[in-house]
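Down below is the structure, laid out as structure tokens.
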Amino acid sequence: MKKIFACLLAGLLALSSLSACNNSSTGSSGNGDGGSATGDDTQGGGETVELEFVQQKREATETFDKVIEEFQAAHSNIVVKQNTVPDAGQVLMSRAASNTLPDLMTHWPGNASFTAFCEEGKIIDITDQDFVSNIDESYVNGILQDGKLYCIPVALNFMGVWYNVDKFTEAGYEIPKTWDEMIDIAKDIQSKGDGDYAFVLPDKDTWTIDQCVSNIYGKSLKDYTIQDIYDAVGAGEKTFADYPELVDAANKAIELREYSNGDTLSLGYDAAVSEFATGTGYMFPQGSWVYASLKSANPDGNFAMFTMPNDDGNMRQPMGVDLAIAGSTNTSHEDEVMEFLAFMASKEGAQTYSELDGSPSCVNGVESNLDYASDILDSFAENGELSVSFRPGTYEDDYRAETQGLLIDKDVDSWMAKITDVYRENYDEANK
């Protein structure tokens, strides 16, 4: 499966590189390992430097603990302190406003806050660093800002439906290939009347609702991308309601709740992961980022993913950049920050991350074990795409709040009108 994924990815990247948003140079080629990331450059005997690393992906906390341990073994005078806090995105925005950003941080390249940090000169430009050559060029090109690179894309992600393999096998269920087949399974589970349910849906956290809706429409967008839609809506040429795939996704998101844990709005993401990992529910519509948390909660659990089905069974399978690591211009230790970024861009560091996180890597030469997602990879091979989109201003938060409201009032037409209005407001503000 490792080699299969490498071949599939190579084919996709050959296509995606043709449509990259910027083909500027990403820096000098450097050596094969890109900078001083290995034991050959172990530092010792000098003053110990401590780097603060605000890490936003809470599922990756234990993974980064191990990565940091390996890094520090080769850099004895650098201590990296991982800091995971609630609402880390808001914390970083506040610290950016007071010019106290941490030395290192994880972020998402298309996030409006991160792009603003870059525009304001708060993030180190790493375009010309040697270690950049270790990263597949297609991923680099996909996240450039004005021809410059500000972060190391560490891993890719994809969405689908996690399922309990043992429960599926015991019930005699096969992986559904269409939406109706999946709903038929859900109806059968509900008919058993044993208190269990088909879908674990944590709607207390608004980001999970956002992901659920995009998980559905992302498999059906074939003639245009979500970024194409954003651009047309922002320009006033279309509304979100003009896209039947989005209308359909809203209705289907509502339908899923009929076969779920009931009061989904009271269930948070962490609790949902714990429930599913320990045997509650049959299916968990989520992303590849759940892998590490499931393995941590239940190392012996038998879980896998299938592609979120659509009506005709001809699904698109997007992949996106999961998270990236950046350094702050506020740091007093830029050399040490570069050492850590070089390690994350090295085959050694990226391999450790990929193995523990269960995610495809953006770094050349890393083998990713994705046995749990063989169905996803089949869809990816047939209809895969690299998906990168940018949401302006506060649209992401506004959209998520409105989408939580959709699940309460179930008024799709009203929701479409509201998200069109808030998108245009943010688009206009960003393009003044």
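The sequence shown runs 10 to 441 under my numbering.
Glycine residues also receive a C-beta, built at the ideal position from the N, C-alpha and C atoms.
Put residue i into one of helix, strand or coil per three-state DSSP.
{"i": "residue 358", "result": "helix"}
{"i": "residue 118", "result": "coil"}
{"i": "residue 259", "result": "helix"}
{"i": "residue 392", "result": "helix"}
{"i": "residue 167", "result": "coil"}
{"i": "residue 91", "result": "strand"}
{"i": "residue 327", "result": "strand"}
{"i": "residue 161", "result": "strand"}
{"i": "residue 71", "result": "helix"}
{"i": "residue 13", "result": "No answer about residue 13 holds up, because its pLDDT of 41 lies below 50 and its placement is not dependable."}
{"i": "residue 172", "result": "strand"}
{"i": "residue 154", "result": "strand"}
{"i": "residue 336", "result": "strand"}
{"i": "residue 265", "result": "helix"}
{"i": "residue 274", "result": "helix"}
{"i": "residue 379", "result": "coil"}
{"i": "residue 283", "result": "helix"}
From this set, the options, which residue's C-alpha is nearest residue i's C-alpha?
{"i": "residue 194", "options": "177, 320, 384 and 259", "result": "177"}
{"i": "residue 379", "options": "261, 175, 298 and 112", "result": "298"}
{"i": "residue 119", "options": "153, 417, 276 and 302", "result": "153"}
{"i": "residue 155", "options": "165, 138 and 134", "result": "134"}
{"i": "residue 250", "options": "56, 387, 224 and 421", "result": "421"}
{"i": "residue 82", "options": "410, 357 and 437", "result": "357"}
{"i": "residue 240", "options": "401, 260, 392 and 413", "result": "401"}
{"i": "residue 417", "options": "325, 273 and 330", "result": "273"}
{"i": "residue 337", "options": "182, 129 and 248", "result": "129"}
{"i": "residue 404", "options": "108, 199 and 242", "result": "242"}
{"i": "residue 219", "options": "96, 333, 58 and 255", "result": "255"}
{"i": "residue 117", "options": "164, 260 and 203", "result": "164"}
{"i": "residue 230", "options": "216, 253 and 247", "result": "253"}
Verify whether the separation of the beta carbon atoms of residue i and residue j is less than 9 Å.
{"i": "residue 168", "j": "residue 369", "result": "no"}
{"i": "residue 349", "j": "residue 87", "result": "yes"}
{"i": "residue 286", "j": "residue 319", "result": "no"}
{"i": "residue 159", "j": "residue 291", "result": "no"}
{"i": "residue 346", "j": "residue 110", "result": "no"}
{"i": "residue 175", "j": "residue 311", "result": "yes"}
{"i": "residue 281", "j": "residue 209", "result": "yes"}
{"i": "residue 266", "j": "residue 232", "result": "no"}
{"i": "residue 398", "j": "residue 235", "result": "yes"}
{"i": "residue 224", "j": "residue 288", "result": "no"}
{"i": "residue 332", "j": "residue 124", "result": "no"}
{"i": "residue 268", "j": "residue 201", "result": "no"}
{"i": "residue 112", "j": "residue 339", "result": "yes"}
{"i": "residue 143", "j": "residue 313", "result": "no"}
{"i": "residue 409", "j": "residue 215", "result": "yes"}
Spatial neighbours of residue i within its chain, please: C-beta separation below 6 Å, excluding the five flanking residues on both sides.
{"i": "residue 187", "result": "318 and 322"}
{"i": "residue 148", "result": "162 and 371"}
{"i": "residue 423", "result": "none"}
{"i": "residue 93", "result": "64, 67 and 70"}
{"i": "residue 104", "result": "110"}
{"i": "residue 396", "result": "327 and 329"}
{"i": "residue 189", "result": "none"}
What residue range does the alpha helix (DSSP H) around residue i cover?
{"i": "residue 98", "result": "97-106"}
{"i": "residue 192", "result": "188-201"}
{"i": "residue 149", "result": "146-151"}
{"i": "residue 312", "result": "No alpha helix (DSSP H) holds residue 312; the beta strand (DSSP E) holding it covers 312-315."}
{"i": "residue 417", "result": "404-418"}
{"i": "residue 224", "result": "215-226"}
{"i": "residue 433", "result": "421-439"}
{"i": "residue 242", "result": "235-243"}
For residue i, I'd like the list of residues in its chain whose CB is within less than 7 Å of its CB, leaving aside the five on either flank, ordered along the chain.
{"i": "residue 75", "result": "361 and 365"}
{"i": "residue 419", "result": "263"}
{"i": "residue 28", "result": "Low local confidence applies: a pLDDT of 29 at residue 28 is under 50, so the model's placement there is unreliable, and no value is given."}
{"i": "residue 77", "result": "89 and 91"}
{"i": "residue 191", "result": "185 and 318"}
Would you say residue i faces chain D, with C-beta separation under 9 Å as the test?
{"i": "residue 180", "result": "Judged by its chain identifiers, the structure shown contains no chain D, having just a single protein chain."}
Taking the beta strand (DSSP E) that residue i falls in, what are its first and last residues?
{"i": "residue 299", "result": "Counting along the chain, residue 299 falls outside any beta strand (DSSP E), and DSSP gives it neither H nor E."}
{"i": "residue 60", "result": "58-63"}
Suppose the cutoff is 8 Å on Cβ atoms and the five residues either side in sequence are ignored; what does the same chain contact list for residue i look like?
{"i": "residue 56", "result": "86"}
{"i": "residue 444", "result": "Any property of residue 444 remains undetermined from this structure, which presents the chain solely from 10 to 441."}
{"i": "residue 261", "result": "188 and 225"}
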